[in-house]
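Chains as they are written, first to last, in our numbering: chain F, 1 to 352; chain G, 1001 to 1294.
Just so it is clear, CB atoms sit at the ideal spot from N, CA and C, and this is done for glycine as well.
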């Protein structure tokens, strides 16, 4: 009898309270983000994609795991590396792809490219700024607004471990503690800040322990395990929502690709890369987990993959059909009162 | 002459109280700014102040003296000394529907929040369509025997960042009306007060709470026919003094006060120069690439 209870407990624990449907949805998100990342890079290498790419491959466990804990009205403040977190929050893939091709239907209306994308009005996500971690102080402000109005909402910000060397990171952590703000700080420690390894970024063993002197908990988690990330992030989100203040999450993975598309990342030891790709692949690991628990089967996984590929192709076609912004609009939208952003963009050119 | 009469205490650090209007309704620039903040906070719950030592102490120059007693510590929010985060919090709370006003003890310290101002705030609406109704205000300028870190005129720096409105009033009424307009504006506004003017210049300032001065409109402060001086901030007062002196020598000087540095009211400037055919551009900041030097 006692054994039955603990077995049921173990069965309940591994899934962190997620239903079969939600677990399958999580697998869909992981596979979507992986496929998107791979295809975008292929198009970039074929010279069919303008601008730059910032791959998040190998870090989907972190991105999907943390973002999956958020409600629609919670806000997310990502970097350009964290598109997978934004897709998890719910960004429309078609408009994301129009963004990559600089088209009017992109979230910045062609003013910015690639993953410098956000959807504040639809999904409460910040449009990343390259200077990192500039979104950390901003997340403090959103969290302050929720606290002031007594709303049960949370702001989550993500940056890489490289950005933790920057003063803004420390300012934001300190202020969030002083004012007990409902914020979750995520550090995607992918072990390489462009080419700089952890030991040249900080002299402490972990990023997570840096939370303690600021006055709140820090937790380090294995980014290869999306459910572990989700579990830790959910605790942090619940704590913030209940008025318990901030938490720092350091999720460790490896950046499988270079800093950007141009970077072959030869500074990453080959053995390290192989170890992560073979044994710490968050997408493959989660797929195997669901198969072993019979939450899904090979046929269903195949259907997920087909869906992901179809959605990518539809997004690609949508992006190619979307017009470029017209040059005469270049200065519009500088001021709110010129009305550029209040009107729907016209497909005949201009913004009507 | 302006530089000849530096009263004790005029350098600020605000040991003295802010003071009150005279019975005739005259208010200093300092009082006019405080009135603008007070009226906007009374009018709109979304408006709040954040900055260093603005609560119990009342701000480095005493602009917010007495505010915390009326509006409480949430709306008069003392922050750690963390300017990037002060600006960042203004951005984030503006995105979520508040209308923050951040105080810098001196405009010089805006450089400690520069990245959030010019990289994040200035470009954000252009890229995303998200309005950022926020005001960043601080005392600029020299002439009060402060240090090289308490005397800057940063308006050209912010004027070079499209997306910011940059306001530099010279008179108490303009300061009040423009600050109220800035609080109601949906764009990020950099409001540069001039610390030399704070306690020196007083005039009858409108008490009507609906009184506003539109952003982006220059004003001819003195009419003349021989030459136009195009200026703003403390230099307006220097220009008016010069114009008065020159009038005794038969030279008629027109003084154009820009009031807003960006967006620039070139219409008023050109109208004046068309009339006088001569222009002198006068500003306090570094001469190279300053306001008006193209």
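- The beta carbon of residue 114 of chain F sits closer than 8 Å to the beta carbons of 51, 52, 53, 54, 80, 99, 100 from its chain, once the five residues preceding and following it are set aside; these are given in chain order.
- Straight across, the Cα-Cα distance linking residue 343 of chain F with residue 164 of chain F is about 39 Å.
- Not flagged as an interface residue toward chain F: residue 1134 of chain G, since no C-beta distance is shorter than 7 Å.
- With fewer than 16 other CB atoms across the displayed protein chains lying within 10 angstroms of its CB, residue 1248 of chain G is exposed.
- Under DSSP, the beta-bridge partners assigned to residue 222 of chain F are F:252.
- Taking the Cα of residue 1037 of chain G as reference, the smallest distance to any Cα among G:1081, G:1158, G:1017, G:1103 is reached at G:1103.
- Each residue's CA atom was taken as its position, placing residue 1252 of chain G and residue 1195 of chain G some 29 Å apart.
- Taking the Cα positions, residue 267 of chain F is about 53 Å away from residue 1216 of chain G.
- Interface residue (Cβ-Cβ distance to chain G less than 7 Å): residue 159 of chain F is not classified as such.
- At a cut-off of 7 Å between C-beta atoms, residue 1078 of chain G does not count as an interface residue with respect to chain F.
- At a Cβ-Cβ threshold of 7 Å, residue 1228 of chain G and residue 1272 of chain G count as neighbours.
- As the crow flies, the alpha-carbon of residue 160 of chain F is around 13 Å from that of residue 248 of chain F.
- For residue 122 of chain F, there are no neighbours in chain G by C-beta distance under 7 Å, as the nearest C-beta there is about 11 Å away.
- Residue 185 of chain F has F:157, F:248 as its beta-bridge partners, per DSSP.
- Non-local beta-carbon contacts of residue 1162 of chain G in its own chain, meaning distances under 7 Å to residues more than five positions away in sequence, involve 1122 in chain order.
- For residue 126 of chain F, DSSP assigns no beta-bridge partner whatsoever.
- Here the stretch 1086-1106 of chain G lies against the stretch 1057-1077 of chain G, with 3 or more beta-carbon pairs under 8 Å apart.
- Around the beta carbon of residue 272 of chain F, a 10 Å sphere encloses fewer than 16 other beta carbons of the protein chains shown; the residue is thus reported as exposed.
- When F:118, F:69, F:75 are compared, the shortest CA-CA separation from residue 93 of chain F is found for F:118.
- Residue 153 of chain F and residue 1056 of chain G have their C-alpha atoms some 30 Å from each other.
- The beta carbon of residue 1214 of chain G does not come within 7 Å of any beta carbon belonging to chain F, so the residue lies off that interface.
- Distance from the CA atom of residue 324 of chain F to the CA atom of residue 1199 of chain G, rounded to whole angstroms, is 54 Å.
- Within the stretch 1048-1099 of chain G, the runs of alpha helix (DSSP H) at least 4 residues long that lie entirely inside it are, in chain order, 1067-1075, 1083-1095.
- Residue 180 of chain F is outside the set of residues whose beta carbon lies under 7 Å from a beta carbon in chain G.
- Assignment of residue 70 of chain F by DSSP, reduced to helix, strand and coil, places it in the coil class.
- In this chain, the alpha helix (DSSP H) harbouring residue 84 of chain F covers 83-89.
- Interface criterion not met: the Cβ of residue 1041 of chain G is under 7 Å from no Cβ in chain F.
- For residue 112 of chain F, the closest Cβ of chain G is nearer than 7 Å.
- Interface flag for residue 129 of chain F against chain G is set, since a Cβ pair is found closer than 7 Å.
- For the stretch 1152-1208 of chain G, the continuous alpha helix (DSSP H) assignments of 4+ residues that do not extend past its boundaries occur at 1155-1159, 1172-1184, in sequence order.
- In terms of CA proximity to residue 144 of chain F, G:1050 leads the group G:1032, G:1067, G:1223, G:1050.
- In chain order, 1026, 1171, 1172, 1173 place their CB closer than 7 Å to the CB of residue 1203 of chain G, counting only its own chain and leaving out the 5 sequence neighbours on each side.
- By the Cβ neighbour-count rule, residue 44 of chain F is buried, with 16 or more other Cβ atoms within 10 Å of its own.
- For residue 1127 of chain G, the chain F residues whose Cβ falls inside 7 Å of its Cβ are 108, 111, 112, 127, in order along the chain.
- Going by DSSP, residue 32 of chain F is part of the alpha helix (DSSP H) stretching over 20-45.
- In the structure shown, residue 119 of chain F adopts coil according to DSSP, grouped into three states.
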